[in-house]
Amino acid sequence: MSFPLLTATAALPALGAVATAAVPAARRTAAKWLALLVSLATLALAVVVLVRFDPDGARYQLTESHAWIKAFGVRYELGVDGIAVALIALTALLIPFIVLAGWHDADPLETGSRRWRPTQGFFALILAVEAMVIISFEATDVFVFYIFFEAMLIPMYFLIGGFGDRAHEHGEEAAATQRSYAAVKFLLYNLVGGLIMLAAVIGLYVVAGNFSLAEIAQARANGTLHMATSTERWLFLGFFFAFAVKAPLWPLHTWLPNAMQESTAPVAVLITAVVDKVGTFAMLRFCLQLFPEASKWATPVILVLAVISIVYGALLAVGQRDIKRLVAYASISHFGFIVLGIFAMTSQGQSGATLYMVNHGISTAALMLVAGFLISRRGSRLIADYGGVQKVAPVLAGTFLIGGLATLSLPGLAPFVSEFLVLVGTFTRYPAIGVVATFGIVLAALYTLVLYQRTMTGPVKPEVSAMPDLRARELVVVAPLIVLLIFLGVYPKPVTDIVNPAVKQTMSDVQKKDPKPEVEAAK
Amino acid sequence: MNPVNYLYLAALLFTIGATGVLIRRNAIVVFMCVELMLNACNLAFVVFSRMHGNLDGQIIAFFTMVVAAAEVVVGLAIIVSLFRTRHSASVDDASLMKL
Amino acid sequence: MEKLIALLIAAPLLGAAVLLVGGRRLDRVGHWIGTLLSTASFVIGLVLFAGLLGRNAEHRTLIQHLWTWVPVESFQADVTFRLDQLSMTFVLLITGVGSLIHLYSVGYMAHDERRRRFFGYLNLFLAAMLLLVLADNYLLLYVGWEGVGLASYLLIGFWQHKPSAATAAKKAFLVNRVGDVGLSIAIMLLFTTFGTFAFGPVLDHAGSASEGKLTAIALMLLLAACGKSAQVPLQSWLGDAMEGPTPVSALIHAATMVTAGVYLIVRSAAVFNAAPDAQLVVTVVGAVTLLFGAIVGCAKDDIKKALAGSTMSQIGYMVLAAGLGPVGYVFAIMHLVTHGFFKAGLFLGAGSVMHGMNDEVDMRKYGGLRTYMPVTFVTFGLGYLAIIGFPGLSGFFSKDKIIEAAFAKGGTEGWILGGAALLGAAITAFYMTRVMLMTFFGEERWRSRPTRSPEAPSAEPAAEHQGEHAEPHPHESPKVMTIPMIVLAVGSVFGGAFFSVGDRFLHWLEPVTGHSEGDSPLSAATVTGATMVCLVAGVAIAWAQYGRKPVPAVAPRGSLLTRAARRDLYQDDLNHVVLVRGGEHLTRSLVYVDHTLVDGVVNGTAAGFGGLSGRLRRLQNGFARSYAVSMFGGAALLVAATLLMRAV
Amino acid sequence: MSAAAVHSLWTTAADPISKIDAPKIEYGQLSPTLIVVGAALVGVLIEAFVPRKGRYYAQVFVSAVALCAAFAAVVALAADGYGTTKAHIAAMGAVAVDGPALFLQGTILLAGLVGLFTFAERRLDPEAHGNRVDSFAAQAASVPGSDSEKAAIRAGFTTTEVFPLLLFAIAGMLVFPAANDLLTLFVALEVFSLPLYLLCAVARRKRLMSQEAAVKYFLLGAFASAFTLFGIALLYGYAGSVSYARIAQVVDGTVTNVDPALAGTMGNDALLLLGSALLVMGLLFKVGAVPFHMWTPDVYQGAPTPVTGFMAAATKVAAFGALLRLLYVVLPGLRWDWRPVMWAVAIITMLGGAIVAITQTDIKRLLAYSSIAHAGFILAGVIATSKDGVSSVLFYLAGYSFVTIGAFAVVALVRDAGGEATHLSKWAGLGRRSPLVAAVFAVFLLAFAGIPLTSGFAGKFAVFKAAADGGAVPLVVVGVLSSAIAAFFYIRVIVLMFFSEPRPEGPTVAVPSPLTTTAIAVGVAATLVLGVAPQYFLDLANQAGVFVR
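Listed in order, the protein sequences are those of chains C, U, B and V. Those letters in the first sequence? Residues 1 to 523, by full-length UniProt numbering. Those letters in the second sequence? Residues 1 to 99, by full-length UniProt numbering. Those letters in the third sequence? Residues 1 to 648, by full-length UniProt numbering. Those letters in the fourth sequence? Residues 1 to 549, by full-length UniProt numbering.
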């Protein structure tokens with residue numbers, strides 16, 4: 001019995017959350033530091049996982065397996081493949097920045113009793129989310145995954161509904177109502193998705209008798225488990241629906257703009273960069289592995305939905321007047337790319353999609369956090385309230401621009417690699433769809449540059465004339481992200497090396513091969 | 001005489017009681033109608049007991065009477081206290097809680 | 001020796017990093033750092049050039065593999081550089097002209113408090129441009145391709161406080177993005193066709209692929225080229241790009257970046273050779289653009305916009321040549337290089353004029369400046385002679401060859417293309433003469449001119465230092481600005497001759513691009529003669545119109561064509577109506593749809609349940625007897641259902 | 001006459017008459033019930049003889065001891081194997097001692113114990129004239145607002161009778177799921193119903209509503225039990241017996257020694273179907289299934305909150321136990337008749353409860369409707385008609401009862417001048433005023449909503465799984481959908497507590513005595529333990545999943 005590394009990686013932030021929540025009301029700063037340290041420690045553990053993981057080794061590594069709920073055929077089974085490792089690393093990497101960026105977001109409001117401890121709560125909730133996200137990346141048992149996939153909603157819900165931007169054009173009361181609307185919308189969307197998935201999970205149990213990915217795969221291999229085509233399709237739809245809500249895929253996306261708009265920037269990053277990734281990840285791991293036939297059956301429709309998301313999200317981003325909403329719709333467009341890559345069923349597509357999850361996490365974090373700093377200065381989310389910022393706060397403007405360029409996936413920055421892989425992967429099998437998706441890059445440029453032009457350039461608005469440039473803490477948050485964007489842009493090999501073998505596995509799950517070129521010109 | 005007829009009588013009484021419950025306002029009367037239903041049941045028990053030629057039915061009838069008596073005790077207690085507070089025994093007046 | 005190639009890029013890249021990250025503390029020396037590093041890159045270029053000359057023709061291709069970039073199964077992209085005669089030519093042009101313009105900018109931007117950042121951007125541009133021409137595969141080229149796009153975006157919008165500048169920058173980037181779509185689709189097609197997109201294998205096996213695929217690839221590459229090189233239909237951004245500081249216009253929007261499209265086509269020669277249909281399209285695009293640009297150039301009163309039109313037109317020549325296949329590749333590049341010299345020179349001259357005229361750009365407010373700024377006059381004049389193809393000057397050689405090649409295409413196509421080229425030559429002569437006359441000759445229209453309204457689009461911050469309404473005192477620019485002009489003038493005088501004598505340039509480039517002599521229906525002499533005729537005609541008409549009678553200070557209404565040309569032949573208005581307006585409507589309606597339809601469905605469901613709940617709630621009316629009724633009814637139903645179950 | 005004749009007369013006279021032999025009662029196996037009943041009687045005596053001052057303590061002490069003892073007895077019996085191997089029918093076929101019975105009795109006893117704590121709570125209301133008071137009327141008989149009531153309050157009277165009443169109710173509930181003949185069933189039904197009627201009427205605050213609740217509950221309850229009784233009569237008429245086993249045999253047609261009368265009635269399915277339908281209806285009334293649910297909201301709202309909590313938990317447990325036994329032991333032969341009907345009932349119950357709850361504005365009514373929806377979920381498990389079905393229902397009931405009592409205990413804490421502040425608008429911003437209480441209540445709500453890692457989820461999963469296994473997939477889908485709807489209003493409360501600004505004149509949260517604290521703590525603990533590590537209890541329910549026949 002070796003050291004349960006994966007459990008530890010998830011348990012550490014969980015315990016950290018409890019500890020943070022327990023910090024007495026007066027010692028707010030202590031709570032912040034505690035949360036930061038815990039998240040850093042988790043990052044360290046994640047790095048250990050990264051190091052201990054052998055890309056060319058077994059499919060699932062560092063596995064743990066214990067009996068849990070025999071009556072439901074549930075085992076506490078953990079294990080990571082390349083894809084999971086990459087995403088765990090991403091999560092663990094982003095949380096410290098999120099904590100740091102949200103340093104002052106939860107300083108208490110005047111209302112409430114002595115025992116009301118928003119700050120402690122805020123950071124505790126963030127750590128709780130981290131724990132649940134990490135374990136759902138690790139779970140190789142459908143039930144275990146489902147439990148945390150669902151439970152994750154609760155802390156997220158409180159983060160969205162409980163903490164918002166300070167200043168608000170319609171005053172605190174209106175802000176509160178809008179916040180809770182967004183929070184409820186988020187929860188209901190995902191809960192409905194989750195409950196429909198629950199029906200499918202139960203169905204899976206009825207069919208398979210247990211939830212272990214490995215066992216089910218084996219049972220299918222040696223023919224002891226046979227799924228009727230219709231059954232498989234229904235179950236697939238049940239699973240996919242939940243993931244499509246989480247991802248989010250058009251037309252199930254409308255919760256995301258509200259959620260990101262109302263929550264503070266760090267939480268918004270937590271949503272898109274971390275939590276939503278669980279949805280796309282789950283498509284890759286569960287939909288494709290458990291229901292390969294059904295996945296192939298559904299591919300055409302899903303691809304179309306993905307393309308719609310890409311174009312639709314981008315167009316709506318162009319039409320937004322609110323910075324955060326804009327980023328939200330941009331993310332919807334990006335999630336379209338990820339889904340596209342997953343269901344193109346080519347190694348480029350799927351590696352690209354995985355890479356995309358990581359890169360999108362980093363780039364959105366960069367853009368959104370800087371946007372958050374901007375908003376916290378002016379106290380407004382409306383694009384129209386800004387102008388000429390680059391004159392008074394050049395560093396802020398510069399970082400914002402780099403974040404934007406990453407969002408429009410400029411070559412040389414990380415997102416370009418993944419986006420191009422996805423496009424190539426799609427194009428090799430579905431040229432038409434690939435071409436349509438490619439036009440998304442023009443729209444991406446449009447909304448990013450329009451945002452930049454309206455906020456940062458032009459004559460300096462009087463309200464922003466006194467705006468301070470980025471502070472040390474904020475620079476510490478942004479600079480590493482930018483460095484990472486550039487590094488992964490010119491040298492993504494470390495990530496691809498980890499991801500590729502896992503993707504090969506998935507490809508063999510769905511029994512798909514990459515199309516051959518017309519002329520074999522490669523050396 | 002065919003005992004089945006008594007069954008019809010029992011059914012009739014039961015229905016009358018039920019209808020009474022549905023249409024009468026006064027709590028006491030409503031309650032009496034319930035008692036009527038119980039007695040209809042008793043009649044049915046006795047008749048079946050006669051048909052099957054075993055005593056279970058008749059014994060059950062006694063139990064039913066005891067239970068009914070107990071119900072009267074509790075019921076009257078409640079209704080009376082309600083009457084004393086509201087000065088009315090109408091069931092419809094007691095409709096504070098709705099929706 | 002390959003080791004050096006990376007340094008070419010590294011030097012300016014380092015400069016950019018240092019200058020942009022370094023912050024204010026570098027404001028003092030920033031510009032010198034930038035200039036130094038670009039010059040360093042030029043020196044390295046020379047060393048490599050010498051190295052190449054030391055080898056015999058077929059061993060002049062150097063490959064430097066740095067690291068594996070994106071490896072996913074069969075998709076293998078490496079960071080690998082290829083230095084052959086073609087890229088060497090570009091390296092020298094870029095670094096050489098680039099260094100000169102760095103030097104020039106030291107003076108030109110002297111009064112700008114953000115000069116350090118300007119040089120940072122310039123270095124960034126150099127690095128990206130070098131990456132573009134040195135990349136050994138299309139994906140890496142794409143990085144450079146977008147890199148230069150970014151640099152040009154930053155530099156066009158350098159004076160971001162001017163909404164016009166910011167808008168122009170955005171427009172340039174967006175139009176280029178459309179081109180980039182072409183490039184990325186081309187790369188995908190290459191990957192699906194050849195399983196790779198590295199130059200070597202692709203160009204070796206180009207022949208063996210199906211012509212359909214190749215045509216598609218070629219057309220996509222052409223689309224990319226149109227975006228970058230401002231060819232019809234993606235030309236609209238170049239005129240606005242003149243919002244940038246003049247050195248930028250000189251370096252990026254005249255000498256180097258805008259010619260990247262030509263590079264792309266020539267680099268992909270093998271693909272185009274195997275796709276004749278695509279080649280025809282290329283030639284057509286080239287011909288159309290060269291006339292388009294020329295016509296626009298005739299009508300502009302803004303000196304920079306006039307030159308921009310001319311740039312468009314000259315690149316049209318190059319594209320036309322490139323479209324002609326092996327007959328034209330070499331001359332396309334040759335014209336590219338010579339154009340690099342004289343057009344840069346012209347722009348620097350224009351900059352120098354503006355520098356001396358409170359950044360006035362309207363030629364109708366110039367006049368008779370030759371006496372005030374002699375050096376500028378001379379250098380500008382030489383550039384002028386070069387571009388109109390005055391015999392013996394560089395333009396003469398390069399352009400003449402292209403016109404010959406065009407006729408050599410043979411058949412009606414040949415006649416049409418050649419005719420267009422000739423006509424273009426005539427118009428070029430006309431508008432350049434016009435520029436020359438309006439600027440340096442005639443009476444001094446800038447005296448006692450009406451006070452300029454401050455929000456005139458051409459306002460540049462330097463103007464603020466020198467008082468808004470003061471009458472300009474034309475003066476020669478400082479040495480640091482004139483020296484580059486002189487050097488470029490020299491280049492534009494002797495460059496062509498140097499290249500053409502003994503077909504130096506041809507032999508140098510042939511191994512890469514290949515070359516074949518076209519059989520022209522007209523003898524070379526005839527073509528040259530015709531060109532001379534056109535030239536003279538153009539000059540004469542211009543003289544008649546602007547030399548003899550005085551130039552009105554406010555533009556006359558002008559003919560229909562003139563007015564159309566002033567508005568860039570209405571193509572901008574077209575874009576505005578079709579794309580911008582249409583797009584706005586589309587997004588606005590989509591926002592509405594998203595809010596009412598997609599979201600409405602969900603909220604509607606919720607509301608529906610609420611309403612249902614409210615209605616059902618009324619059943620709970622508080623009356624015990626009605627509860628009893630429901631129980632009774634329920635019982636009845638229960639019984640009925642049970643009996644029914646038995647019945648069926 | 002001859003001597004012989006005389007002798008013969010004598011002999012006939014002296015002919016020994018057959019004597020009735022005393023019934024054989026396994027007191028040991030009935031001990032849980034007997035203990036509770038005994039304690040209840042003791043309680044009555046206490047009321048009679050112990051001076052007022054001591055009564056409260058005496059009653060609480062006796063009841064607590066009795067319940068613990070009874071629970072110990074249940075555990076002992078279970079440990080002795082009566083739940084599994086030695087399961088059999090005791091008391092001359094009147095009472096079954098088997099897994100389900102013991103499991104449910106254990107659950108009821110624990111629920112009763114926790115309920116007792118909430119009954120005994122006397123810190124919440126402000127002291128009246130220096131005496132601590134609980135949530136029951138000073139003198140139930142006196143008219144609200146009358147002098148006699150004032151006097152009673154001044155004298156510091158308290159209605160300590162509630163404790164014996166509670167014990168009687170518990171005793172009835174213990175028998176109800178164990179009853180093995182229809183007569184016992186009916187008597188048990190009344191034994192636990194009547195005390196509840198009374199308990200509903202004795203609230204200290206809001207007497208009018210309390211009395212109204214009692215009247216409604218009583219009249220409708222009596223009405224329902226009349227139907228039940230008629231159903232029993234018909235079944236008796238059909239089978240000629242009230243013993244479950246016998247009826248089952250007759251239903252299956254596996255009965256031996258058919259006398260002509262029986263042969264006559266046996267043929268008459270109308271009797272059987274009518275009878276079983278009415279009987280089932282009576283039980284559905286107790287579990288609060290649509291359309292027999294309408295008493296639930298009013299009674300839940302009007303009754304004193306501790307009573308509501310106990311009632312909501314224990315009644316459901318008992319009634320579902322009886323329903324299970326009835327359907328699995330008596331009417332399995334009728335499965336194909338009642339299953340579709342129950343399907344329908346389950347579906348409308350789930351949907352109805354969930355939908356109507358959306359627009360509720362009173363927390364107690366809200367919980368009432370949620371309990372209706374939960375009744376629907378449990379029915380889904382009942383319908384599975386499999387061992388899994390039974391055990392899943394048992395597990396669900398166990399989890400649900402603790403959550404319910406805990407939730408109502410919390411409701412009792414939130415008070416303003418008028419007593420408990422049950423209107424939702426007053427709960428606004430509770431999370432700001434007292435985060436802990438709000439958090440605890442949120443946990444309960446999440447359990448109700450069936451969020452993973454709470455007992456609610458484990459229970460729901462078990463039940464739906466059983467249903468799906470039993471081929472009732474549509475039922476599962478409906479269940480899932482209605483839980484989605486239900487989630488909406490649970491969340492509404494959470495939003496209210498945490499995300500809306502507290503009202504300046506909002507309610508205060510009373511600091512409870514250890515009693516209520518224990519009740520709530522037990523609730524939370526059960527919720528989390530059953531949610532995170534349910535294995536042990538699932539096994540328990542699994543072993544207990546077999547009815548003795």
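Heads up, the beta-carbon is just placed ideally off N, CA and C, and yes, glycines get one too. In this text the structure is predicted, and so the values were computed from the model without any measurement.
Tell me, which residues are paired with residue i by DSSP?
i      : result
E420/V : R415/V
V97/V  : H88/V
G115/V : Answer by DSSP bridge pairing: none, since G115/V is not bridged.
S212/C : D141/C
From the options, pick the residue whose C-alpha is nearest to that of residue i; which is it?
i      : options                        : result
L355/C : V72/B, G54/B, M1/B, V18/B      : V72/B
E161/V : P195/V, Q360/V, A152/V, V187/V : P195/V
T64/U  : A484/V, L182/V, P332/V         : L182/V
S225/V : E71/U, S95/U, F45/U            : E71/U
Could you tell me the alpha carbon to alpha carbon distance between residue i and residue j, rounded to whole angstroms?
i      : j      : result
A17/C  : S391/V : 36 Å
T513/B : D136/B : 15 Å
S148/V : A141/V : 9 Å
K98/U  : G302/V : 11 Å
A456/B : W446/B : Here the model assigns A456/B a pLDDT of 45, short of 50, so the residue's position is not dependable and the matter cannot be decided.
F286/C : N500/C : 18 Å
Just reading off the beta strand (DSSP E) that residue i is part of, what are its end residues?
i     : result
V79/B : 75-83
Q61/C : 61-69
I79/C : What sits at residue 79/C in the sequence shown is Gly, not Ile. Element bounds for G79/C: 74-80.
Under DSSP, the alpha helix (DSSP H) around residue i begins and ends at which residues?
i     : result
H31/B : 30-54
Q: Assess, as a yes-or-no matter, whether the segment 381-391 of chain V is touched by the segment 465-473 of chain V under the definition of 3 or more beta carbon pairs within less than 8 Å.
A: Output reads yes: the segment 381-391 of chain V touches the segment 465-473 of chain V.
Q) Are there three or more Cβ pairs, one per stretch, closer than 8 Å when the segment 229-241 of chain C is compared with the segment 308-320 of chain C? A) The segment 229-241 of chain C is not in contact with the segment 308-320 of chain C.
Q: For the segment 466-484 of chain C and the segment 49-60 of chain B, state whether three or more C-beta atom pairs, one from each stretch, are separated by less than 8 Å.
A: Not touching, per the Cβ criterion.
Q. Should the segment 341-357 of chain C be called in touch with the segment 287-307 of chain C, which here means at least 3 C-beta pairs below 8 Å?
A. Note that the segment 341-357 of chain C touches the segment 287-307 of chain C; at least 3 beta-carbon pairs, one per stretch, sit closer than 8 Å.
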